[in-house]
Amino acid sequence: LNPSATEALFNLKLELTEQERVERSLDSHIKWLKQSIKNVIEADNNSDAYYVNEKELAAYIPGSTVFAIKADTGTDLEVPFPYKSENDTTVYALLVKSEELPIDVFLVRDLAREINIDNLTMPDEDRFSKEVDPP
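For our numbering, add 2 to where a residue sits in the sequence shown, where the first one is 1.
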C-alpha cells in the first residue's frame with residue numbers, strides 16, 4: 003500500500019474504533035433509560051401521576067370538547083371533514099368501528115356546557131352502520 007492509502011486506512015480504523023465506543027455508550031444509556039422507566043412505572047407512589055386530569059388537559063387545548071376512546075387494536079377511526087348544516091352551523095362527526103371488543107367513549111371536557119346546545123343533533127344512524135374502509 004502506498005503511504006496515503008495506509009494513512010486513510012489508519013484513519014478509517016480510528017473512526018471505526020470511535021464509532022464503536024459511541025455505540026457502546028449509547029447502548030448503556032438506552033439500558034439505563036429503560037431501567038429508569040421501569041422503575042418509575044413499577045413504583046407504587048407514582049400511580050397518581052399515570053393520568054392527566056381535565057383541568058390539566060383543558061390548559062393545553064382551551065375551548066375544545068375532548069373525548070377519550072378506549073378500543074382494541076384494529077379499531078377504525080374516521081373523522082370526516084366538517085360540513086355546514088341547513089341552518090348554517092358547522093357539523094363535526096367522529097366515526098369509530100370495531101369488529102372485536104366494545105368501544106368505550108368518555109366525555110373528558112364538555113365544551114357544550116359553555117355554549118348553547120339547543121341545536122345539537124345526532125347524525126343519521128345509517129351513517130354509523132356503513133362499512134368504514136381501513137386506511
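Every residue gets a Cβ at the ideal spot worked out from N, C-alpha and C, and that includes glycine.
This structure is a prediction, so every number in the text was calculated from the model and none was measured.
So the beta strand (DSSP E) residue i belongs to, where does it begin and stop?
i, result
"residue 29", "Counting along the chain, residue 29 falls outside any beta strand (DSSP E), though it belongs to the alpha helix (DSSP H) covering 5-44."
"residue 80", "78-80"
Note down, in chain order, each residue of its chain lying with its Cβ closer than 6 Å to the Cβ of residue i, except the 5 sequence neighbours on either side.
i, result
"residue 102", "74"
Given residue i, which residues of its chain have a CB within under 7 Å of its CB, disregarding the five upstream and five downstream residues?
i, result
"residue 108", "69 and 70"
"residue 139", "Only positions 3 to 137 of the chain appear in the structure, and residue 139 is not among them; the question remains open."
"residue 37", "none"
Considering only the alpha carbon of each residue, which of the options lies closest to residue i?
i, options, result
"residue 100", "72, 88 and 84", "72"
"residue 105", "35, 66 and 79", "79"
"residue 97", "88, 86, 82 and 110", "82"
Buried or exposed: where does residue i fall if 16 or more other Cβ atoms within 10 Å of its Cβ makes it buried?
i, result
"residue 132", "Residue confidence is low: residue 132 scores 45 on pLDDT, short of 50, so the model does not pin down where it sits. Its coordinate-derived value is still stated next. It counts as exposed."
Below 8 Å on the Cβ atoms is my guess for residue i versus residue j; work out the distance and round it to an integer in Å.
i, j, result
"residue 48", "residue 42", "6 Å"
"residue 110", "residue 59", "6 Å"
Kindly list the residues whose CB is nearer than 8 Å to the CB of residue i, restricted to its own chain and excluding five residues on each side of it in sequence; keep chain order.
i, result
"residue 128", "Residue confidence for residue 128 is low, a pLDDT of 49 falling below 50, so the modelled location carries little weight; the figure read from the coordinates is stated next. Cβ within range, chain order: n/a, list empty."
Starting from residue i, follow the alpha helix (DSSP H) in both directions and report where the run begins and ends.
i, result
"residue 59", "56-62"
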